[in-house]
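The structure appears below as structure tokens.
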DNA sequence: AGATAATAATTGACTAGTAAGTTAATTCCC
DNA sequence: GGGAATTAACTTACTAGTCAATTATTATCT
């Protein structure tokens with residue numbers, strides 16, 4: 126009576142119940158987030174920017190006018206440095222980002238968003254905000270708050 | 126008072142509050158799921174299998190002894206066919222999966238897990254089950270149930 | 001000062017996800 | 001029976017994530 130009748134159980138045509146609530150919730154997190162990822166990808170596609178690129182540009186806009194070194198971006202993205210380096214290569218090729226070696230510490234590479242990049246973000250601000258609200262519109266604000274608290278607790282438990 | 130004091134607000138050094146609860150919850154979902162993904166990747170690494178490959182093998186074990194055509198696997202993974210084809214290439218190279226053209230319908234490719242693949246899964250069953258329970262152990266079973274219900278509602282809202 | 005360690009960023013090799021287009025087999029329909 | 005549409009799987013090209021190793025620069029430590 127646990128998993129067999131749940132939404133996930135039907136989704137993947139699984140007849141056996143879940144072994145534990147934790148297993149069911151974990152799978153639910155993965156499937157739900159995958160779904161939301163696709164929603165945001167839809168919102169962004171057409172502007173020629175991917176979700177990850179958009180996130181980097183948002184971070185760099187928030188860091189204006191100083192900009193940020195490469196690894197500081199990686200830290201905010203929870204990603205490894207190699208991926209960020211190559212993404213910045215692509216963003217620089219599209220003239221959304223500019224980089225230069227640091228003066229005081231020549232190991233660092235200073236990254237800043239360009240005016241072209243800022244214009245792109247300005248165009249996307251409204252549709253992205255709308256998508257952010259729509260994807261969880263089936264929950265009340267109180268339920269969203271409950272979700273936030275539970276998710277915070279999960280992450281805090283992994284510190 | 127909304128976002129500035131929350132766990133996510135501190136994590137990404139964001140000083141401004143979130144624009145909406147929905148935005149905060151969405152970001153929380155992405156960050157939490159990323160964290161859990163890394164946990165499972167840790168559990169699997171050492172066996173030489175990735176999380177996605179493990180999922181495919183689990184699906185094929187569940188489909189024994191009949192096996193499944195390629196697109197049926199893709200459907201259960203919520204993924205496109207090209208990714209599955211290449212993953213099956215790698216799984217076949219490691220002798221965890223075997224494929225052959227269908228007899229009645231020669232467009233289909235029938236996929237089955239091998240004995241080697243079954244042995245790999247048997248080794249991983251315990252550690253994976255332990256990980257599935259541990260990653261959400263900071264929540265009570267009631268809270269996990271609440272999470273499951275909220276996630277089900279989100280996915281149902283996108284049907 | 002000079003060897004050593006630490007740090008920032010990069011490159012290479014691999015796994016994986018996407019979209020677009022292709023091939024081969026089957027089904028539909030007149 | 002034969003042409004059109006559909007289906008299953010695949011290939012190609014691109015974006016992106018991982019780990020391991022490397023380079024250049026800076027800091028540390030006698």
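Chains as they are written, first to last, in the working numbering: chain A, 126 to 284; chain B, 126 to 284.
Even for Gly, the Cβ is constructed at its ideal location relative to N, Cα and C.
Item: Thinking just about the alpha-carbon of each residue, which of A/207, A/190, A/167, A/267 is nearest to the one in residue 222 of chain A?; Value: A/190
Item: Taking only beta-carbon positions, decide if residue 213 of chain A is within less than 9 Å of chain B.; Value: no
Item: Of the residues A/219, A/240, A/228, A/233, which one's Cα is nearest the Cα of residue 195 of chain A?; Value: A/233
Item: Would you mind telling me which residues of chain A sit closer than 8 Å to residue 260 of chain B, beta carbon to beta carbon, in chain order?; Value: 147, 151, 279, 283
Item: Helix, strand or coil: how does DSSP classify residue 174 of chain B here?; Value: coil
Item: Hey, residue 157 of chain B and residue 253 of chain B: beta-carbon distance below 9 Å or not?; Value: no
Item: Just list the residues that DSSP pairs residue 225 of chain A with in beta bridges.; Value: A/235
Item: Give the residues from the stretch 154-184 of chain A that approach chain B closer than 8 Å (Cβ to any Cβ), ordered along the chain.; Value: 154, 155, 156, 157, 158, 159, 160, 161, 162, 164
Item: How would you list, in chain order, the residues of chain A whose beta-carbon sits under 8 Å from the beta-carbon of residue 271 of chain B?; Value: 271, 275
Item: So, with DSSP's three-state summary, where would you put residue 193 of chain B?; Value: strand
Item: Within the 9 Å Cβ cut-off, does residue 144 of chain B reach chain A?; Value: yes
Item: What whole-angstrom Cβ distance do residue 242 of chain A and residue 182 of chain A have, given they're in contact under 8 Å?; Value: 5 Å
Item: Over what stretch of residues does the alpha helix (DSSP H) that includes residue 264 of chain B continue unbroken?; Value: Here residue 264 of chain B belongs to no alpha helix (DSSP H), and DSSP marks it neither H nor E.
Item: Please state whether DSSP places residue 142 of chain B in a helix, a strand or coil.; Value: coil
Item: Buried or exposed for residue 153 of chain B, please, with buried defined as at least 16 other CB atoms from any protein chain shown within 10 angstroms of its CB.; Value: buried
Item: Grab the span of the alpha helix (DSSP H) containing residue 206 of chain A for me, first residue to last.; Value: 206-218
Item: Please confirm whether residue 146 of chain B and residue 273 of chain A have their CB atoms less than 9 Å apart.; Value: yes
Item: On a Cα-Cα basis, can you pick out the residue from A/236, A/249, A/248 that is closest to residue 215 of chain A?; Value: A/236
Item: Roughly how many angstroms separate the alpha carbons of residue 202 of chain B and residue 228 of chain A, rounded to a whole number?; Value: 49 Å
Item: Using a Cβ-Cβ distance under 9 Å, would residue 254 of chain A count as near chain B?; Value: yes
Item: I want to see whether chain B comes within less than 9 Å of residue 191 of chain A, judged by CB atoms only; does it?; Value: no
Item: Check the C-beta distance from residue 166 of chain A over to residue 176 of chain A and give it rounded, since I have them as a contact under 8 Å.; Value: 6 Å
Item: Would you kindly work out how many angstroms separate the C-alpha atoms of residue 282 of chain A and residue 271 of chain B, rounded to a whole number?; Value: 18 Å
Item: Give me the Cα-Cα distance between residue 275 of chain B and residue 280 of chain A, rounded to the nearest whole angstrom.; Value: 18 Å
Item: Could you round the C-beta distance between residue 162 of chain B and residue 246 of chain B to whole angstroms and report it? I think they count as a contact, below 8 Å.; Value: With a Cβ gap of about 19 Å, residue 162 of chain B and residue 246 of chain B do not count as contacting.
Item: If you draw a straight line from the alpha carbon of residue 212 of chain B to that of residue 268 of chain A, how long is it in whole angstroms?; Value: 38 Å
Item: Pick helix, strand or coil for residue 188 of chain A, following the three-state DSSP scheme.; Value: coil
Item: Are the beta-carbon atoms belonging to residue 144 of chain B and residue 257 of chain A less than 9 Å from one another?; Value: yes
Item: What does a CB cutoff of less than 8 Å around residue 226 of chain A pick up in its chain, not counting 5 residues either side in sequence?; Value: 233, 234, 235
Item: Using the C-alpha atoms, what's the distance from residue 255 of chain B back to residue 148 of chain A?; Value: 10 Å
Item: Measuring only between beta-carbons, confirm whether residue 225 of chain A sits less than 9 Å from chain B.; Value: no
Item: With a threshold of 9 Å between beta-carbons, can residue 216 of chain B be considered close to chain A, or not?; Value: no
Item: If you drop the 5 nearest sequence neighbours on each side, which residues of the same chain put their C-beta closer than 7 Å to that of residue 238 of chain B?; Value: 182, 185, 186, 189, 221, 222
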